[in-house]
Amino acid sequence: MALINLKDITVSYDGKSDILKKLNLDIEKGQFVSLLGPSGCGKTTTLRVIAGFIETKAGDFIFDGNNYTKVAVHKRNFGLVFQSYALFPHMSVFDNVAFGLKMRKTTKEELRKAVEAILEVVDLKAFSKRYPKELSGGQRQRVALARALVIKPDLLLLDEPLSNLDAKLRLKMRVEIKKLQQKLGITTLFVTHDQEECFSISDKVAVMNKGVVEQYDSPETIYSHPKTEFVARFIGFENFITLKKAENGRFLTDDGISLHISEDQNFADMEAVSYGTIRPDDIELLSAETSQTSNVIEGNIEIRTFVGKDYQYSVDTKLGSMLVNSSKDQIYHQGDRVKLHLPSNKLIIIKKTKEE
Amino acid sequence: MKGNKLFVFFVILVYVFLCGPLLIIITTAFDSGNIMSFPPKGFSLQWFSHAFHSETFMTTLGISLKVAVLATLIAMVIGIPAAYALSRNNFRGKATMQSIFLSPIIVPGVVLGFAFFRFLTLKLQLDVFTSLLIGHVIIVIPYIIRVVGSSLENLDFSIEDAAMSLGATKLKTFFLVILPNVTSGVIAAFMLAFINSFNNVPVSLFLTGPGVSTLPISMLSYVEYNYDPTISALSVILMVMTVLIMFIVEKTLGISNFAK
Numbered sequence: 130m131a132l133i134n135l136k137d138i139t140v141s142y143d144g145k146s147d148i149l150k151k152l153n154l155d156i157e158k159g160q161f162v163s164l165l166g167p168s169g170c171g172k173t174t175t176l177r178v179i180a181g182f183i184e185t186k187a188g189d190f191i192f193d194g195n196n197y198t199k200v201a202v203h204k205r206n207f208g209l210v211f212q213s214y215a216l217f218p219h220m221s222v223f224d225n226v227a228f229g230l231k232m233r234k235t236t237k238e239e240l241r242k243a244v245e246a247i248l249e250v251v252d253l254k255a256f257s258k259r260y261p262k263e264l265s266g267g268q269r270q271r272v273a274l275a276r277a278l279v280i281k282p283d284l285l286l287l288d289e290p291l292s293n294l295d296a297k298l299r300l301k302m303r304v305e306i307k308k309l310q311q312k313l314g315i316t317t318l319f320v321t322h323d324q325e326e327c328f329s330i331s332d333k334v335a336v337m338n339k340g341v342v343e344q345y346d347s348p349e350t351i352y353s354h355p356k357t358e359f360v361a362r363f364i365g366f367e368n369f370i371t372l373k374k375a376e377n378g379r380f381l382t383d384d385g386i387s388l389h390i391s392e393d394q395n396f397a398d399m400e401a402v403s404y405g406t407i408r409p410d411d412i413e414l415l416s417a418e419t420s421q422t423s424n425v426i427e428g429n430i431e432i433r434t435f436v437g438k439d440y441q442y443s444v445d446t447k448l449g450s451m452l453v454n455s456s457k458d459q460i461y462h463q464g465d466r467v468k469l470h471l472p473s474n475k476l477i478i479i480k481k482t483k484e485e
Numbered sequence: 116m117k118g119n120k121l122f123v124f125f126v127i128l129v130y131v132f133l134c135g136p137l138l139i140i141i142t143t144a145f146d147s148g149n150i151m152s153f154p155p156k157g158f159s160l161q162w163f164s165h166a167f168h169s170e171t172f173m174t175t176l177g178i179s180l181k182v183a184v185l186a187t188l189i190a191m192v193i194g195i196p197a198a199y200a201l202s203r204n205n206f207r208g209k210a211t212m213q214s215i216f217l218s219p220i221i222v223p224g225v226v227l228g229f230a231f232f233r234f235l236t237l238k239l240q241l242d243v244f245t246s247l248l249i250g251h252v253i254i255v256i257p258y259i260i261r262v263v264g265s266s267l268e269n270l271d272f273s274i275e276d277a278a279m280s281l282g283a284t285k286l287k288t289f290f291l292v293i294l295p296n297v298t299s300g301v302i303a304a305f306m307l308a309f310i311n312s313f314n315n316v317p318v319s320l321f322l323t324g325p326g327v328s329t330l331p332i333s334m335l336s337y338v339e340y341n342y343d344p345t346i347s348a349l350s351v352i353l354m355v356m357t358v359l360i361m362f363i364v365e366k367t368l369g370i371s372n373f374a375k
């Protein structure tokens, strides 16, 4: 059984519109799970429901088999790291970290040992007498982490803890967080809007939109096989094609172009009319003379932009404008006739997200 | 240049009107004559000694201090949680609550004093000291709420969430995490409230009675019948005291940060 069980969680701040709409999520013990989504999708709200700061309108939060929905925050034993770190300004690093243990009435000797040990882990032993305002952003972050970990929490909740750090430090800290999490084997929930950050450290990712989990899978699955239009768009799919289901894994576009899609995708629960999507990276840009015919469409180069590793072309086709990334080896110019190959294993069938 | 000269002229005028009366009070306090007069006739400290030896002044000074300290402490017990609730939560009628809490500053003192007199002294028949104390609590509460409130406004309340997630109850969180971070605001609020209570005339005027009076009121009735410079000496003492308190607050905490 999963350690964390969110069942039909509904939250409303004003009593009218729901921030979370019957949200369901299971988290296994020891896993590192991320909530990913744009601002306002409800990811922080979900974290705050688990932490106990927000009362739910409906639904249950089961933790390790016990109903935690109404358990007070201070009785939950969850470690929290905030975006602003939320260190106590009037306490030294040592006292900040010791706070949780003091609340647990740990003996002085044990407390000192535990605090020193965790400060050693986060490499801040030399700073124990400093005050938060005398520390750099990265150091504050590590104090916040140590403070949350020293109480040996049953669950670690991280609310965009890296977003206030500069890019370099962020990379370093995310590796450190992952290392710590693995070393301690602590179940962790991480909230972020940065997909790269969350893919890199998570065992599983829940992509959220408008108060529900749109997809909950491993980072690899989400990256290559998004299930809905929203997820696909959020993680960088740019090309969308309306498709009609035909025989033998073939699909027809509005113009009657027949496209083949690999059968490893589950077409069973899909509706007759659906949506196909493909990343700009996965489309092959071929010259007009190519003999390849399967899954190939024709087009004209509309515009070429330089995106660092590659050139990005906007190609005008019968299916509309398609974005394609292609290497610098073969450069095409505006107006060139080209052909686009959409590999059958890279074309993904998704559910269209309804506009509200 | 001409505009500048005019400006300087007005500045001087303001200073003259602000400091002139004070200067006269100060000089008369050290006068050796029996009647307040300007310019002074000689130098003496007899009026200070007279002020300190006056039983009325010393008793009323005691009452004033007692009322000011007690009223301020009671107002803090009510005002600090109120300020906390107002800055922490968003609820319906918050603006109305805020206005009600701050209204004692806006309503004229005489009106308040008369209202207290009707209600506390006549209707409830409370004894003089109790009604005086209640009146002062009410007039200083706005200062507590205002000053503590603005220092709470600058506080990152996520530290409160952090404390609770670490196992602290709401009450412990308030005393261990919130209060220590607004100490300077609390001290500044105490000083302001204390001075306002100690110097108050309009409310005290209505609420003092037989045997129980505050220093400003007894000074007021003293000047009605006496013309000697004892009052000047007392005024100088009060001035020095107030300036000293404000100076300490400003130096240690920077009152301008709180009295926005």
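Chains A and B supply the protein sequences, listed in that same order. The numbering used here runs 129 ahead of the 1-based position in the first sequence. The numbering used here runs 115 ahead of the 1-based position in the second sequence. Just so you know, even glycine gets a beta-carbon here, dropped at the ideal spot from N, CA and C.
Item                                                                                                                : Value
Interface flag, B/Ile274 vs chain A, CB-CB below 9 Å                                                                : yes
Same chain, Cβ closer than 8 Å to A/Ile432, five either side skipped, listed in chain order                         : Tyr442, Ser443, Gln463
Among A/Phe359, A/Val425, A/Thr316, nearest to A/Ala131 - alpha-carbon criterion                                    : A/Thr316
Cβ neighbour criterion (16 or more within 10 Å) applied to A/Gly437                                                 : exposed
Proximal chain B residues relative to A/Val467, where beta-carbon distance stays under 9 Å                          : Chain B residues near A/Val467: none, gap ~53 Å exceeds 9 Å.
Rounded straight-line distance, which links the Cα of A/Lys145 to that of B/Asn205                                  : 17 Å
Which of helix, strand or coil DSSP assigns to B/Ile139                                                             : helix
Three-state secondary structure (DSSP) of B/Met212                                                                  : helix
Classification of A/Glu263 by the beta-carbon crowding that lies within 10 angstroms, buried from 16 upward         : exposed
Residue-chain proximity (B/Phe373, chain A), Cβ-Cβ < 9 Å                                                            : Residue confidence for B/Phe373 is low, a pLDDT of 46 falling below 50, so the modelled location carries little weight; the figure read from the coordinates is stated next. It does not; no Cβ of chain A falls within 9 Å.
Cross-chain neighbours of B/Pro295 in chain A, by beta carbon under 7 Å                                             : His219
Residue-level contact to chain A via CB, B/Thr142, 9 Å cutoff                                                       : no
Test: A/Gly428 CB closer than 9 Å to a CB of chain B                                                                : no
Chain B within 9 Å of A/Phe182, Cβ atoms only                                                                       : yes
C-beta neighbour in chain A for B/Ser246, strict 9 Å                                                                : no
Contact under 9 Å by Cβ, A/Phe366 with A/Thr419                                                                     : no
The alpha helix (DSSP H) enclosing B/Ser164, as first and last residue numbers                                      : 161-168
Min CB distance B/Thr284 to chain A below 9 Å                                                                       : yes
For A/Met337: DSSP bridge partner residues                                                                          : A/Val342
Chain-ordered neighbours of B/Leu267 on chain A, where CB pairs are closer than 9 Å                                 : Per Cβ cutoff of 9 Å: no residues; B/Leu267 is ~14 Å from chain A at best.
Nearest-angstrom Cα separation, counted from A/Lys339 out to A/Ile430                                               : 37 Å
Neighbour flag for B/Met113 against chain A, beta carbons, 9 Å                                                      : The shown model of chain B, from 116 to 375, leaves out residue 113 of chain B, and the question about it has no answer.
Spatial neighbours of B/Gly224 in its chain, beta-carbon cut-off 8 Å, leaving aside the 5 residues before and after : Ile254, Asn315, Val316, Pro317, Val318
Proximal residues of chain B, C-beta to C-beta of A/Ser213 below 7 Å                                                : Asp271, Ser273
Distance between B/Pro295 and A/Ile478 (C-alpha atoms, nearest Å)                                                   : 57 Å
Distance between beta carbons of B/Ala190 and B/Ala308, contact taken as under 8 Å                                  : 6 Å
Close Cβ partners of B/Lys366 (< 6 Å) along its chain, the five nearest in sequence each way excluded               : none
Environment of B/Lys375 [buried if 16+ CB atoms lie within 10 Å]                                                    : Any reading at B/Lys375 must be qualified, since the residue scores a pLDDT of 38, below 50, and its modelled position is unreliable; no value is offered.
Reference A/Gly181; option with closest CA among A/Lys237, A/Lys172, A/Leu164, A/His203                             : A/His203
Pair within 9 Å by beta-carbon distance, A/Gly171 and A/Ile191                                                      : no
Buried versus exposed, by CB contacts within 10 Å (16 or more), B/Thr329                                            : buried
For A/Ala187, three-class secondary structure by DSSP                                                               : strand
Run of the beta strand (DSSP E) containing A/Lys373, from where it starts to where it stops                         : 368-374
Buried/exposed call for B/Met279, threshold 16 Cβ in 10 Å                                                           : buried
B/Asn311 (DSSP reduced to helix, strand or coil)                                                                    : helix
Distance, A/Gly159 Cα to A/Lys312 Cα                                                                                : 11 Å
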